[in-house]
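This report concerns only the one structure given below.
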Amino acid sequence: MVLLLVVTNSAFGEFIVQPIILKQQVTPGKQNVRLNFSLENISRDATEKVTLRIADLTQDIDGVWTEVRPNDPNNKVDLSAMKSCKDWLTCTVESATVDPFQKIPATVIANIPAGTRGFYFAALVAETEPRETDIDGPYGGALLGMQYLVPIILEAQNIPIPHRVELTDVDLIYQEPTVENPLASVQGTMAIANNGGTYSRLTGQIRVWRWQQGHWAKVAEVRLPDNGIIPGVKLNLKQDLGVLLPSGRYKIEGYLWVDGRRGNGINKEIDFVGDKVASGKAAMAPIDLDKENVFIEVTPGATRTGQLTIGNGSEDPVTVNVEFILPEHMLHVVNGSGIKGEDLGCTDWVTVQPPQFTLQGYGRRTLNLIVRMPPTATQYSNYYGTLRLHATYQDGSPAGMKTAQVCLKNGKATATNMISPMSLNFASLTPARYMVTASFLNNGVTHVTPRCKGILSPAGEPDAKYQQFLMTSEASRQTGIFLPFETRTFSGVLDVSDMPLGYYRLTVVLEYTGRNSSGQISPENQQNQMLIQVYEENGQKMAKYAEWDKAPEGARTKVNIKL
Numbered sequence: 014m015v016l017l018l019v020v021t022n023s024a025f026g027e028f029i030v031q032p033i034i035l036k037q038q039v040t041p042g043k044q045n046v047r048l049n050f051s052l053e054n055i056s057r058d059a060t061e062k063v064t065l066r067i068a069d070l071t072q073d074i075d076g077v078w079t080e081v082r083p084n085d086p087n088n089k090v091d092l093s094a095m096k097s098c099k100d101w102l103t104c105t106v107e108s109a110t111v112d113p114f115q116k117i118p119a120t121v122i123a124n125i126p127a128g129t130r131g132f133y134f135a136a137l138v139a140e141t142e143p144r145e146t147d148i149d150g151p152y153g154g155a156l157l158g159m160q161y162l163v164p165i166i167l168e169a170q171n172i173p174i175p176h177r178v179e180l181t182d183v184d185l186i187y188q189e190p191t192v193e194n195p196l197a198s199v200q201g202t203m204a205i206a207n208n209g210g211t212y213s214r215l216t217g218q219i220r221v222w223r224w225q226q227g228h229w230a231k232v233a234e235v236r237l238p239d240n241g242i243i244p245g246v247k248l249n250l251k252q253d254l255g256v257l258l259p260s261g262r263y264k265i266e267g268y269l270w271v272d273g274r275r276g277n278g279i280n281k282e283i284d285f286v287g288d289k290v291a292s293g294k295a296a297m298a299p300i301d302l303d304k305e306n307v308f309i310e311v312t313p314g315a316t317r318t319g320q321l322t323i324g325n326g327s328e329d330p331v332t333v334n335v336e337f338i339l340p341e342h343m344l345h346v347v348n349g350s351g352i353k354g355e356d357l358g359c360t361d362w363v364t365v366q367p368p369q370f371t372l373q374g375y376g377r378r379t380l381n382l383i384v385r386m387p388p389t390a391t392q393y394s395n396y397y398g399t400l401r402l403h404a405t406y407q408d409g410s411p412a413g414m415k416t417a418q419v420c421l422k423n424g425k426a427t428a429t430n431m432i433s434p435m436s437l438n439f440a441s442l443t444p445a446r447y448m449v450t451a452s453f454l455n456n457g458v459t460h461v462t463p464r465c466k467g468i469l470s471p472a473g474e475p476d477a478k479y480q481q482f483l484m485t486s487e488a489s490r491q492t493g494i495f496l497p498f499e500t501r502t503f504s505g506v507l508d509v510s511d512m513p514l515g516y517y518r519l520t521v522v523l524e525y526t527g528r529n530s531s532g533q534i535s536p537e538n539q540q541n542q543m544l545i546q547v548y549e550e551n552g553q554k555m556a557k558y559a560e561w562d563k564a565p566e567g568a569r570t571k572v573n574i575k576l
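Structure below.
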């Protein structure tokens, strides 16, 4: 038996493939390009035998990476629309034995055909030899092998091409209760198509109104999580609205953001067949919180408390049920240091008082968080949880949900930030103006409050800043503290209309604070950089990617940030 694991934020278990996704710029016509991976076994006593191969890559309608199997009778992928680089790639090692606590390199060689332009895709598939497992559940005691799917994205272009990612439809779906999901729900859906040649990051927003008593009343507003989309793919992304809706006339608005830029939107009206017992109250979630994050400093073996105030902004009474869980993006993930998301959870230490209460119209209540940190919790400097506050009306119908992050700081452990650059791209907006998009991964065990900016400097003078511009994560709907295991995308506009012709370093700098060896707060930053060329065409300034051999140093150089 083989269990397929799509590596979205890291690997699973005690075997790790790094990087979790390989995205690399390549030059058309260049041969013997090295794509470097590593295989790491963090088990204490089990040796892993691993086979490696290259496969075609696509996405399913939910945006999940998946291998293309042309001989599978159930395969529905349009092979003619794929932009595959599978035939360009060769594994230098087809099998390997990785001993406990051993890390070995694995190299894939790419030969890039001349004349290529745009993004091309494949996957490195690493499969471990099946062995008997001691895990709980239905697979306990079975022979179980793990298969890791690591996306390979090669960008072969000089002049950035605009995206052609479009929102094509929005809708509502009523999900009846099932054995697996005993609670009914209403989901908002967004159909999205990539008819161009770019690999783009996207996020979406859905707003829903109900026609009631002669006017439209807003009943829900949700954000769809950040996702990627490859050329030729059509996605159908879904998000629970958090409220049950009765049958009736509804208006749906959908908005799309692509690579940090506002895309198209859709506005439609539908006759929706919904829940038969929903109350029909047309209002957004009426509860409000006095803060988005609860910070509590505690030491192992000690007890501390934190507080959160909840208010009811409506005239109707609501009952609030509080759930305390591990942040969703930390589930079933492992970072490059072998730390699991569950290792940073504090759900077993925190007691919420009261776990359920009723708020009268326009009432307020304080929620107490009692933290009893175990004496053995000494390994990490920070631990995390998410409060979910589910509101219901008196008739039992859902009234929405609010969330807050709980961040525990271990006063006996040293906090070290580990932020890693993931990607850096730019795309044309209008003549001489470009949207710069950069992604960073929090690969450590601490949270930071990030600030981001772009800097353009001459290729030979990285500290001579010709232009600076603000970059934010608001377009990707990612705000607030930057949590461990989270990937965040920042975007900003670069204008080259007044730049002299020549080669420039485009550097994106993510700034935050940490602590030095003396325990004092000190500024820190992480950077990503590319070389671009500003040139003139038909009297108009333009920019394109450039090779690093055009820079005097021939390599990336960290920009000195003056504070």
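For what it's worth, my numbering labels the leading residue of the sequence shown as 14, then goes sequentially.
Quick reminder that beta carbons are idealized off the backbone N, C-alpha and C, glycines included.
Problem set entry | For Arg144: DSSP bridge partner residues | Leu157
Problem set entry | Reduced DSSP category for Lys571 - H, G, I as helix; E, B as strand; rest coil | coil
Exercise. How should Val183 be labelled, buried or exposed, when 16 other C-beta atoms within 10 angstroms of its C-beta is the threshold for buried?
Worked result: buried
Problem set entry | Identity of the residue in Lys425, Leu421, Gly349 and Arg401 nearest Leu454 by Cα | Gly349
Problem set entry | Minimum C-alpha distance to Glu140 - residue among Val271, Gln407, Thr450 and Glu53 | Glu53
Exercise. Between the C-alpha atoms of Ala428 and Pro259, what's the straight-line distance to the nearest angstrom?
Worked result: 49 Å
For this session: From the DSSP output, read off the bridge partner residues of Ala123.
Result: Val46 and Leu102
Problem set entry | Spatially closest choice to Asp272 from Val506, Glu266 and Tyr375, by CA coordinates | Val506
Problem set entry | 3 or more residues per run - each beta strand (DSSP E) lying fully within the stretch 388-452 | 395-406, 411-423 and 432-443
Exercise. Can you round the beta-carbon distance between Pro175 and Leu70 to whole angstroms, since I take them to be within the 8 Å contact cut?
Worked result: Not a contact, Cβ separation roughly 23 Å.
Exercise. In chain order, what residues of the same chain have a beta carbon less than 8 Å from the beta carbon of Leu544, not counting five sequence neighbours either side?
Worked result: Ala472, Tyr516, Tyr517, Arg518, Leu519, Tyr558, Ala559, Glu560, Trp561, Lys563 and Ala564
For this session: Note down, in chain order, each residue of its chain lying with its Cβ closer than 6 Å to the Cβ of Gln252, except the 5 sequence neighbours on either side.
Result: Gly201, Val235 and Leu237
Problem set entry | Assigned secondary structure, Asp562 (DSSP; H/G/I helix, E/B strand, else coil) | helix
Problem set entry | Own chain, CB closer than 8 Å to Lys422, minus 5 neighbours either side, in chain order | Phe308, Ile309, Glu310, Val311, Ser394, Asn395 and Ala428
Exercise. Looking only at C-alpha atoms, which of Ser510, Tyr263 and Gly276 sits nearest to Leu283?
Worked result: The question names Leu, but residue 283 in the sequence shown is Ile. Of the listed residues, the one whose Cα sits closest to Ile283 is Tyr263.
Problem set entry | Validate contact between the stretch 440-447 and the stretch 486-500 using beta carbons, cut 8 Å, 3 pairs | no
For this session: Count the other CB atoms, across all protein chains shown, that sit within 10 Å of the CB of Ala295; report buried if there are 16 or more and exposed otherwise.
Result: The predicted position of Ala295 is uncertain, since its pLDDT is 47 and thus under 50; no value can be drawn from it.
For this session: Kindly indicate which three-state DSSP category Met484 falls into: helix, strand or coil?
Result: strand
Exercise. For the beta strand (DSSP E) that contains Val506, what are its first and last residues?
Worked result: Thr500 to Asp508
For this session: Check whether the Cβ atoms of Leu167 and Asn277 sit closer than 7 Å, and answer yes or no.
Result: no
For this session: Output the boundary residues of the beta strand (DSSP E) element that contains Met203.
Result: Ser198 to Asn207
Exercise. Got a sec, what are the start and stop residues for the beta strand (DSSP E) Ser470 sits in?
Worked result: Arg464 to Pro471
Exercise. Taking DSSP as the reference, what is the three-state secondary structure of Glu341?
Worked result: helix
For this session: For Gly413, I'd like the list of residues in its chain whose CB is within less than 6 Å of its CB, leaving aside the five on either flank, ordered along the chain.
Result: Gly255, Val256, Ala298 and Ala404
Exercise. Between Ala127 and Ala119, which are expected to be in contact by the criterion C-beta below 8 Å, what is the C-beta distance as a whole number of angstroms?
Worked result: 27 Å between Cβ atoms; not a contact.
Problem set entry | Segments assigned beta strand (DSSP E), at least 3 residues, entirely inside the stretch 194-277 | 198-207, 213-225, 228-242, 247-253 and 261-271
Exercise. Taking the C-alpha atoms as reference points, what is the distance between Leu496 and Thr526?
Worked result: 14 Å
Exercise. Excluding the five sequence neighbours on either side, which residues of its own chain have a C-beta within less than 7 Å of the C-beta of Met435, listed in chain order?
Worked result: Ser452, Phe453, Leu454 and Thr500
Exercise. On the three-pair Cβ rule with 8 Å, is the stretch 375-388 touching the stretch 312-327?
Worked result: yes
For this session: State the CB to CB distance for the pair Met386 and Trp362, rounded to an integer number of angstroms; the pair is presumed to be in contact (CB under 8 Å).
Result: 6 Å
Problem set entry | Residue closest to Asp100, alpha-carbon to alpha-carbon, out of Ala94, Val106, Ala123 and Lys116 | Ala123
For this session: Give the C-beta separation of Ala136 and Ala68 to the nearest angstrom, bearing in mind that I take them to be a contact with Cβ-Cβ under 8 Å.
Result: 5 Å
For this session: Out of Glu61, Pro41 and Ile34, state which residue places its alpha-carbon closest to the alpha-carbon of Leu48.
Result: Ile34
Problem set entry | Element boundaries [beta strand (DSSP E), containing Lys62] | Glu61 to Ala68
For this session: Might you give, ordered along the chain, the residues of its own chain that have their beta carbon closer than 6 Å to the beta carbon of Thr364, omitting 5 neighbours on each side?
Result: Ile383
Exercise. Can you check whether the CB of Gly267 is closer than 7 Å to the CB of Ser223?
Worked result: Reading the sequence as shown, one finds Arg at residue 223 and not Ser. Taking 7 Å as the Cβ cut-off, Arg223 and Gly267 do not qualify as a contacting pair.
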